[in-house]
Amino acid sequence: MRLPSSKNPWLTSPTHTALVPINTTHVLSTTISGPLRTPTSPLLIFFTGAGAPSAVYTLLQRHLSPHIRCLFYDRAGYDHSTLPPQITQILCHDTARDLRILLRETGLEGPYLLAAHSFGGIAARTFLQTCSEGEVGGMLLFDTASELMLALFNHIPPRELEAVGKYVNLAALTHLKQEAGFSDAEWRYAIEATGRSSRALALEDTHASAHALALSRQIDNVAFGARPLTVVQCNIAGDYQVLYDEGVRLGGGTEEERGVAKKFIEGARVFHGQLARAQCGLSGGC
């Protein structure tokens, strides 16, 4: 039974964290923070990347919360969110359904702003298909995967690049902990949470979800209308190059694996921008 609005901590508490029941099958770990909403102010919903629990984005939530009400949650099986019994595959239409139930159970109504990173873009755009007109006011796609990207590449990054970088500690090499500003405790927890999410990552069929999204022809139909859309492109090819160069220095990968990895990086450098710009076709307001 839903609480009255005046007693609902999702609506009245500056911050609140809980396990939200999804029907009777599983729970989703959910956190809300930021200024309390007016009837017209939006709720930002963040969609994490594949294999990345919300703990990885702790600092992002901290930076956003002074400015906007934010909902960060873990998909089924991520960190302390549980999996439905006997599940063998997770598709984005499952996660969209779960999020819809979560919003109903918490009493969190629109308007929403959707923000996504990496594979979270596929999840966010699948959720968009469940929304009524006017329920979503804007969307931010931050270096997100697209249906075309996942149709072009069987695995991102390819297994060959993973083999080359097998002995590379990329986080240490790029000083990620220090650059991002994690405390020791936050960094430790993010690593542990990522480990707890490994089974869900194995069950998530990213390519099948992307294919299902492609069949909806969102870009062809300008599905977001004229609403504000921001597409941010990062230097992913540069990140892969750092991994490759250090992997080669450490002797990782066969010559054949290095050749495949190098070709992938070259392709990412050439086509990544085109793939990102294609997503701008979702809206006339991009």
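UniProt numbering applies: residue 1 is where the sequence shown begins, and numbers increase by one.
The beta-carbon is built from N, C-alpha and C at its ideal position, and this holds for glycine as well.
Chain-order list of residues whose beta-carbon lies under 6 Å from that of residue i (same chain, five-residue window excluded)
| i | result |
| --- | --- |
| serine 5 | Leu11 |
| cysteine 286 | Leu229 and Cys280 |
| histidine 80 | Ser29 |
Nearest candidate by alpha-carbon position, reference residue i, set the options
| i | options | result |
| --- | --- | --- |
| alanine 167 | Gly247, Ser146, Phe119 and Asp205 | The sequence given here places tyrosine at residue 167; alanine does not occur at that position. Cα-wise, what sits closest to tyrosine 167 is Gly247. |
| arginine 100 | Thr126, Ala202, Leu161 and Trp187 | Thr126 |
| lysine 177 | Arg269, Ala116, Asp245 and Tyr57 | Tyr57 |
| tyrosine 244 | Ile219, Val260, Ala190 and Gly138 | Val260 |
| leucine 102 | Gly281, Arg188 and Ile32 | Ile32 |
| leucine 161 | Val136, Val242, Phe271 and Glu186 | Val242 |
| isoleucine 122 | Leu152, Thr206, Ala193 and Thr230 | Thr206 |
| threonine 95 | Leu43, Leu201 and Gly195 | Leu201 |
| histidine 16 | Cys70, Gly120, Leu60 and Glu179 | Cys70 |
| serine 41 | Gln61, Arg188, Leu59 and Leu113 | Leu113 |
| asparagine 235 | Phe264, Gly273 and Glu204 | Gly273 |
Rounded Cβ spacing between residue i and residue j (contact assumed at less than 8 Å)
| i | j | result |
| --- | --- | --- |
| proline 85 | threonine 25 | 7 Å |
| isoleucine 68 | glycine 34 | 6 Å |
| aspartate 143 | glutamine 218 | Not confirmed; about 18 Å, so no contact. |
| tyrosine 78 | serine 197 | 4 Å |
| serine 216 | glutamine 129 | 6 Å |
Residue-chain proximity (residue i, chain D), Cβ-Cβ < 8 Å
| i | result |
| --- | --- |
| serine 197 | In summary, chain D is missing from the structure at hand, where a single protein chain is found. |
Contact set for residue i: own chain, Cβ-Cβ below 8 Å, skip 5 residues either direction
| i | result |
| --- | --- |
| glycine 134 | Gly110 and Pro111 |
| leucine 148 | Ala214, Leu275 and Ala278 |
Residue i burial status per 10 Å Cβ neighbour count (16 or more: buried)
| i | result |
| --- | --- |
| glutamate 257 | buried |
| cysteine 92 | buried |
| aspartate 98 | buried |
| histidine 63 | exposed |
| valine 136 | buried |
| arginine 75 | buried |
| aspartate 184 | exposed |
| histidine 117 | buried |
| valine 270 | exposed |
| threonine 254 | exposed |
| alanine 50 | buried |
| alanine 151 | exposed |
7 Å Cβ shell around residue i - same chain, five flanking residues per side excluded
| i | result |
| --- | --- |
| leucine 170 | Leu243 |
| phenylalanine 224 | Met139, Leu282 and Ser283 |
| valine 164 | Tyr244, Gly247, Val248, Gly252, Gly253, Glu257, Arg258 and Ala261 |
Only counting runs of 4 or more residues, tell me where the alpha helix (DSSP H) segments fall wholly within the segment 184 to 237, in order along the chain.
-> Counting only unbroken stretches of 4 or more residues, the alpha helix (DSSP H) elements lying wholly within the segment 184 to 237 are 184 to 196, 198 to 203 and 206 to 215, in sequence order.
May I have a chain-ordered list of the beta strand (DSSP E) segments no shorter than 3 residues that lie completely inside the segment 39 to 95?
-> For the segment 39 to 95, whole beta strand (DSSP E) runs of length 3 or above, ordered along the chain, are 43 to 47 and 69 to 73.
Mind pulling the beta strand (DSSP E) runs of 3 or more residues that sit fully within the segment 95 to 165?
-> Complete beta strand (DSSP E) runs here, min 3: 112 to 117 and 136 to 142.
Along the chain, which unbroken stretches of the beta strand (DSSP E) at least 3 residues long are found entirely within the segment 1 to 28?
-> 15 to 22, all fully within the segment 1 to 28.
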